[in-house]
Every structure is written in C-alpha cells, then in structure tokens.
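*Asks:* Please find one structure pasted underneath; my questions will follow.
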Amino acid sequence: MSRKLLLEHINVPGINTLDVYRQKGGYRAVEKALKTLTPEEIVEEVKKSGLRGRGGAGFPTGMKWSFLAKPEGVARYLVCNADESEPGTFKDRYLMTYIPHALIEGMIVSSFALGAKVSYIYVRGEMMPQIRILEKAIAEAKAAGWLGKNILGTGYDLELYVQPGGGAYICGEETALLESLEGKRGNPRIKPPFPAIAGLYGCPTVVNNVESIAAVVPIINDGGEEYAKIGIGRSTGTKLISASGNLVKPGVYEIELGLPVEEFIYSDEYCGGIANGKRLKATVAGGSSVPVLPANLTLKLANGEPRLMSYESLSEGGFATGTMMGSGGFIAFDEDQCIVRNTWNFSRFYHHESCGQCSPCREGTGWMEKVLHKIEHGHGSMEDVDLLWDIQRKIEGNTICPLGDAAAWPVASAIRHFRDEFEWHIKEPVKSQQQNYGLAYYANPIEKAPVTEEK
Amino acid sequence: MLKVEEQTPVVFSSELLAKFDDVKSRYPEGKHKSALLPLLHLVQAEYLWVSTHAMDRVAEYLNIQPIEVYEVATFYTMYFLKPQGKYALEVCRTGPCCLVGAEKILDHLESKLGVKEGEVTADGLFSFRGVECLAACGFGPVLQISPDYTFYENLTTESVDKLIEDLKNK
Chain A
1 MSRKLLLEHI
11 NVPGINTLDV
21 YRQKGGYRAV
31 EKALKTLTPE
41 EIVEEVKKSG
51 LRGRGGAGFP
61 TGMKWSFLAK
71 PEGVARYLVC
81 NADESEPGTF
91 KDRYLMTYIP
101 HALIEGMIVS
111 SFALGAKVSY
121 IYVRGEMMPQ
131 IRILEKAIAE
141 AKAAGWLGKN
151 ILGTGYDLEL
161 YVQPGGGAYI
171 CGEETALLES
181 LEGKRGNPRI
191 KPPFPAIAGL
201 YGCPTVVNNV
211 ESIAAVVPII
221 NDGGEEYAKI
231 GIGRSTGTKL
241 ISASGNLVKP
251 GVYEIELGLP
261 VEEFIYSDEY
271 CGGIANGKRL
281 KATVAGGSSV
291 PVLPANLTLK
301 LANGEPRLMS
311 YESLSEGGFA
321 TGTMMGSGGF
331 IAFDEDQCIV
341 RNTWNFSRFY
351 HHESCGQCSP
361 CREGTGWMEK
371 VLHKIEHGHG
381 SMEDVDLLWD
391 IQRKIEGNTI
401 CPLGDAAAWP
411 VASAIRHFRD
421 EFEWHIKEPV
431 KSQQQNYGLA
441 YYANPIEKAP
451 VTEEK
Chain B
1001 MLKVEEQTPV
1011 VFSSELLAKF
1021 DDVKSRYPEG
1031 KHKSALLPLL
1041 HLVQAEYLWV
1051 STHAMDRVAE
1061 YLNIQPIEVY
1071 EVATFYTMYF
1081 LKPQGKYALE
1091 VCRTGPCCLV
1101 GAEKILDHLE
1111 SKLGVKEGEV
1121 TADGLFSFRG
1131 VECLAACGFG
1141 PVLQISPDYT
1151 FYENLTTESV
1161 DKLIEDLKNK
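Protein chains in written order, with my numbering: chain A, 1 to 455; chain B, 1001 to 1170.
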C-alpha cells in the first residue's frame, strides 16, 4: 500500500465532524503553524516540499506564495479555487464531501502564511451539498476557536467564507474566478498584473486549488523535506487521481507520484482493469483538456519504457507522443468507444463554456463542434479533417486565457493519433452510424484477449 | 427570457432579506456587489426561477444598475430565466458520463416525462435538461435536482423511474 496523506482517514466514521477529525490528529498543523512558525517559515516549508499546484497548471505552490506582494496597509487575500469543473475531475468534490476539515485546516495555515485576514472558498454553484457541508464545518471550527478573533490566543484573526459560483467552467481560471467573486461575469483578465500583485478587489491575492491547500497540512505536520521524499524527481508528494470511464473501479485514488500508469489502471489496489472484460483503447490522463493518448502510448513512452503517473513522465515526448498531468482527471475508454463522438462531445463542452471574450475561442469552438458533429453523424468530407486541424491551430495560443488551448488540444490530439478513425467515419457514412471503429492497432498487447476483427 | 409584462411583480419577504443581509456581511466595506451570485441563488431557491422583476429588486438591494444583474444572470447557466418544473432535473451530458450511458438517461427522461428538454410537464412537477460536467465522473451517469441540488449517482433507467415516482408521491 502506498502512503496516504490526504485520504488516510477517509473511511473513519464521522471524519466529517470536528471531533473525529481532531481525534485523528486534525488541526495539529494549525497549532504548530500559529504557535511555533513564522509566516516566512511556513512558505519556506511549502517551497521545500516541492508541492505543485494540483488544479492543473502544476506551478510550484511555494513559489506562487513568495510572489505575493505585501504593501503596507493593503489587505491580502487567499482564495481557494473549488470550482472543480474540468470534465473527468471530481477529487475536490470528494475531499470536501468527506473530509471538509482538511480543507479548512489548510486554509487557516495558508492564510496565516500569506497574512490574509479574510479568505474565501469559491465553490462551483452546482455543489450546493458541498457548500452546506463546508459551511457547517466552518461553523464547528469557529465555535471551537479555530477561526475568528485571536485564534489560539496568538492574536491572529481569520474569517473564512464560502462563495458559490453560478455554473461556468471558465471560473476555474483564476482571474475569471476573481471577477466572479466580485459579482461579475466570469471573463478572464489580461495578465499581467498577476493576482499576486492585483487580485481580488485589486489587492494582492493567492488563488490555490482545494487539493493544494489540503496538502499544506501534512507538509506542516511532517515538514517539507519529508513530503519531498515521496514521489519521483520534481513530482513530489501524493496526488489525488479521479478515475472515470470504462474502469472496473472508478473513483478517487491517492497515489504516490511516480506510480506506473499500467499499475494504476490494472492493479486491484486502484482501478482494477477495464470494465466488462474489454480492452483499453485510449485515455485522457489529466482532465478533458489534455491530449488523448492511444492505449499503447498511455502505458509506455515512445522508447518503450513504462509511463509513470508524474508531471514529467506523462508529458514525456511532448504532444507528439505524450500528454499532461493536468488536474489528474483520468478517463479510460474501452474498445467500444468512439473517439470521434467523444471529441465532438468535448468540443460541445468548450463551445458551451467559452466566455466569448476572444474571437478565436468564441467562434472557433462552435465551428469545431459543428464540423465534428458533421463527421460523427456521417456527413463529413475529407477536407473537414484538415479544416479541424486548421481551426484548432488558430485557436491555440491566441486567447487571453487557456480555455482556447484546452479546446484545441483534444481535437488536435484526436486527429494526431486517431486520424484513420475520422477518415473511416467519412468513408463509411452508413456503417459508422451502426457500429464503432473498434481497436485497430491502438491496444497494447498487454491484455490476454485477442484483438477482434471488425465486422 | 419571459417578457417583463408577463411576469408578476416581486416583493422579497423579510426572511429572505435577512438572508441577503447575512451574505452581504461577508465582504469588505463597499464590495457588496460580491453578494450578487449568492443572492441570485437565494432568489431562485425561493421562486424556483429568476424573473426580471426579481433581478430589479436585487439591483435595488445592492444599489447597483439592473444591467449589472442581468449580465450576470444571463452569463451563468444555473439561473433559470423562465419558470421550471417544481423538480428541475439536470443530467450531466459530458464525455465521461456519456461513456457510461448518460445519453440513454436523457432519452429515457424525455419519453418518461413526455416533454422535450427545457419544457415543463403539464402538472408543473418536472422539467429536465442536459448540463455540462457536474464533477462526479467516476459515479456516472449522474443527475441533480434543483432547487436544493440533491444528487443522484450511478443512474439506470430503473433508478430514474423510481426517483420520478418517489418525487410524484412526495
């Protein structure tokens, strides 16, 4: 069994309550941080831990904290990004549902480190049940003196509030989130200035993902160096992976970074293999925005070495043969899934969620959705595949925020690795409506079952 | 959106206004516009949708222009700009849920309820729509029911039938 830092006590009955959470060692990090460490020392521990942002970008959290401007007499804010909306990702929802105090404890320690007196947890509006859970937990913590005025007699004051979103994927982008928190449409801001200089209400602000903030708790308890011993290379610590799609045991797993992808998919400790005895066709390893990979490239690098669940190994080979860690939203496709249909589905998602600020994204996402709809429904032409390639290339890198890239990459990677499946849809407009393309040569010969011939 | 003249004027109850005051107290002096999204959720929980009249009252309460409320209410997908069923069912229709049968659930709801997506059943009880990822991909297909957003996972056509019967008899 690998080490668990965040989900160690997930199965303890009542761990969602303050009492049980305390019995399991909860809020030790707050005591240690507020009574024995300075804010600078906490930032230093987080830097030493090598913790990288768990929301998707993978930027070192300690470094992000050290960029925070500290002008005299100006409020500073910590905002937790709990707008989890990346398709394939549901780890933050899981954490907030079952161990809400882990997030609250992390928020207190992190707010203290950053000098924030008021902090917000921005939760996507659809998660009303989680909002109620967090509000209850915050009330418990406040009643017990972990929040409010003069926490533990140290003179440190902190108020923590939960803010609901309104149902917009774009608010997961940190500047759109801040706009939304200010009561506006979630249109991302042009950077610079970065939130560390001018964020919420124009004040210096740090925005961190739920899992990143929760990870600060074990980092303070055990020390940054201990945390950095877990994992591999620059991918330190543990990571929550949301596993979905055609798996025997989908769900949220805490892994030590560096676990072989093959072990994650097939071992009984994790996903237990592909559901219904089928074979793996493809995966999206880090949430819908990252490139889709065929089974063979999922399990092995281009040079034949095993691919690992780490920031570096997943991106090994660039976009030609690799993908990204992203948010850790691991989606598995079995042999009966259609790549064209899924790409169309994702394109519809990005079209729906584009905020409309930048024309390449506003127009391009809708255009890609239409072309993909055509191909999927048997009305496509060969030029459409090239057209799709051309559109995605013109969106990528040409927008204010990364939603444009996120919309372009799934399309680009699907064409890069599965072009023959697109062409088959076009050449076989009738057949493609009745059956799917199947596995072709994508499956790694790892599974015992023979590759079925197309009917 | 319904035309303004088709809507009933709205007066917020003192209980609702007390909730508004509580939300408004979370933000620094002069930054009360931050309360807008939570306030619209409170309005929707009370009236099951957000009418133009209600938006105007929210604007008055926050001392901002009505357009500042309209632009927000129309940007975010959770706010219903026309009346819905008492139980508004929202089924996730994004990739991972579709891998495990979300499209079947949507088709089933359409035939079970006898209305198309976005329409309300004759008895006023139900409406449904497909929505984008609800962050429960490992437990799909999933649906949620507003206004309190109770959540149902691992749906089958049978479990959906049972859910609808249960709601009818509630």
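Glycine included, each C-beta is placed from N, C-alpha and C at the ideal position.
Contact between the stretch 1085 to 1092 of chain B and the stretch 235 to 245 of chain A is defined here as three or more beta-carbon pairs at a separation below 8 Å; is this criterion met?
*Replies:* With the cut-off at 8 Å, the stretch 1085 to 1092 of chain B and the stretch 235 to 245 of chain A do not touch.
*Asks:* For the stretch 344 to 364 of chain A, which residues have a beta carbon sitting closer than 7 Å to at least one beta carbon of chain B?
*Replies:* 345, 346, 349, 352 and 353
*Asks:* With distances taken between CB atoms, is the gap from residue 1072/B to residue 1037/B smaller than 8 Å?
*Replies:* Yes.
*Asks:* Check whether the Cβ of residue 67/A lies closer than 7 Å to any heavy atom of the ligand COA, and answer yes or no.
*Replies:* The ligand COA is absent from the structure shown, which contains no ligands of any kind.
*Asks:* Of all Cβ atoms in chain B, is any one closer than 8 Å to the Cβ of residue 264/A?
*Replies:* By this cut-off, residue 264/A is not an interface position.
*Asks:* For residue 247/A, which of 1022/B, 1100/B and 1048/B has the nearest alpha-carbon?
*Replies:* 1100/B
*Asks:* Residue range of the beta strand (DSSP E) that residue 237/A falls in?
*Replies:* It is not in any beta strand (DSSP E) - residue 237/A carries neither H nor E in the DSSP assignment.
*Asks:* With three or more beta-carbon pairs closer than 8 Å as the criterion, would you say the stretch 1093 to 1108 of chain B touches the stretch 1130 to 1143 of chain B?
*Replies:* By the C-beta criterion, the stretch 1093 to 1108 of chain B is judged to be in contact with the stretch 1130 to 1143 of chain B, since at least 3 inter-stretch pairs fall below 8 Å.
*Asks:* Tell me where the beta strand (DSSP E) around residue 1088/B begins and ends.
*Replies:* In this chain, the beta strand (DSSP E) harbouring residue 1088/B covers 1087 to 1092.
*Asks:* Write down the C-beta distance between residue 151/A and residue 100/A rounded to the nearest angstrom, noting that I regard them as a contact closer than 8 Å.
*Replies:* Actually they do not touch by this definition, with Cβ atoms about 18 Å apart.
*Asks:* Indicate whether residue 121/A and residue 403/A have their beta-carbon atoms separated by less than 8 Å.
*Replies:* no
*Asks:* For residue 1034/B, collect the residues of the same chain with a Cβ closer than 7 Å to its Cβ; drop the 5 residues on either side in sequence, then sort them by chain order.
*Replies:* The residues 1027, in chain order, have a CB closer than 7 Å to that of residue 1034/B in the same chain once the five nearest residues on each side in sequence are set aside.
*Asks:* Starting from residue 1156/B, follow the beta strand (DSSP E) in both directions and report where the run begins and ends.
*Replies:* Here residue 1156/B belongs to no beta strand (DSSP E), and DSSP marks it neither H nor E.
*Asks:* By the DSSP assignment, the alpha helix (DSSP H) with residue 318/A in it spans what residues?
*Replies:* 318 to 321
*Asks:* Can you find the residues in the same chain that come closer than 7 Å, C-beta to C-beta, to residue 327/A, ignoring five residues on each side of it along the sequence?
*Replies:* For residue 327/A, where only same-chain residues beyond five positions count, the Cβ hits under 7 Å are 55, 56, 86, 89, 286 and 287.
*Asks:* The stretch 182 to 205 of chain A: which residues have C-beta closer than 8 Å to a C-beta of chain B, in chain order?
*Replies:* 182, 183, 184, 185, 186 and 201
*Asks:* Quick one: measure Cβ to Cβ for residue 348/A and residue 356/A, integer angstroms, because I've assumed they're closer than 8 Å.
*Replies:* That belief does not hold up - the Cβ atoms of residue 348/A and residue 356/A are roughly 16 Å apart, past 8 Å.
*Asks:* Using a cut-off of 7 Å between C-beta atoms, extract the partners of residue 76/A located in chain B.
*Replies:* Simply none; closest approach about 12 Å.
*Asks:* Comparing the C-beta of residue 243/A with each C-beta of chain B, is any distance below 8 Å?
*Replies:* yes
*Asks:* Which residues bound the beta strand (DSSP E) around residue 163/A?
*Replies:* Unbroken beta strand (DSSP E) run through residue 163/A: 156 to 164.
*Asks:* Report the three-state DSSP secondary structure of residue 358/A (helix, strand or coil).
*Replies:* coil
*Asks:* Leaving out the 5 sequence neighbours to the left and right, which residues in its chain are closer than 7 Å to residue 421/A when beta-carbon positions are compared?
*Replies:* 339, 340 and 437
*Asks:* Run down chain B in chain order and give the residues with a C-beta less than 9 Å from the C-beta of residue 165/A.
*Replies:* Think of a sphere of 9 Å around the beta carbon of residue 165/A: the chain B residues whose beta carbon falls inside it are 1037, 1076 and 1078, in chain order.
*Asks:* Quick one: Cα of residue 309/A to Cα of residue 325/A, how far?
*Replies:* Between the alpha carbons of residue 309/A and residue 325/A lies a gap of roughly 8 Å.
*Asks:* Around the C-beta of residue 96/A, are 16 or more other C-beta atoms found within 10 angstroms, so that it is buried, or is it exposed?
*Replies:* buried
*Asks:* Please report how far the alpha carbon of residue 1161/B lies from the alpha carbon of residue 1111/B, in whole angstroms.
*Replies:* 11 Å
*Asks:* Residues of chain B with a CB under 9 Å from the CB of residue 168/A: which are they?
*Replies:* 1075, 1076, 1077 and 1078
*Asks:* Hey, residue 166/A and residue 199/A: beta-carbon distance below 8 Å or not?
*Replies:* no
*Asks:* If the cut is a Cβ gap below 8 Å, which residues of chain B does residue 255/A touch?
*Replies:* Within chain B, no residue has its beta carbon less than 8 Å from that of residue 255/A; the closest one is some 15 Å off.
*Asks:* If you measure between the beta carbons of residue 278/A and residue 335/A, is that distance less than 8 Å?
*Replies:* yes
*Asks:* Spell out the partners DSSP gives residue 366/A in its beta bridges.
*Replies:* According to DSSP, residue pairing for residue 366/A in a beta bridge does not occur.
*Asks:* Whole angstroms is fine: what's the gap from residue 425/A's alpha carbon to residue 369/A's?
*Replies:* Roughly 16 Å between the two C-alpha positions.
*Asks:* Taking just the CA atoms, how far does residue 226/A sit from residue 311/A?
*Replies:* 19 Å
*Asks:* On the DSSP letters alone, give me the boundaries of the beta strand (DSSP E) that residue 119/A sits inside.
*Replies:* 118 to 123
*Asks:* From the DSSP output, which residues share a beta bridge with residue 1146/B?
*Replies:* 1088/B
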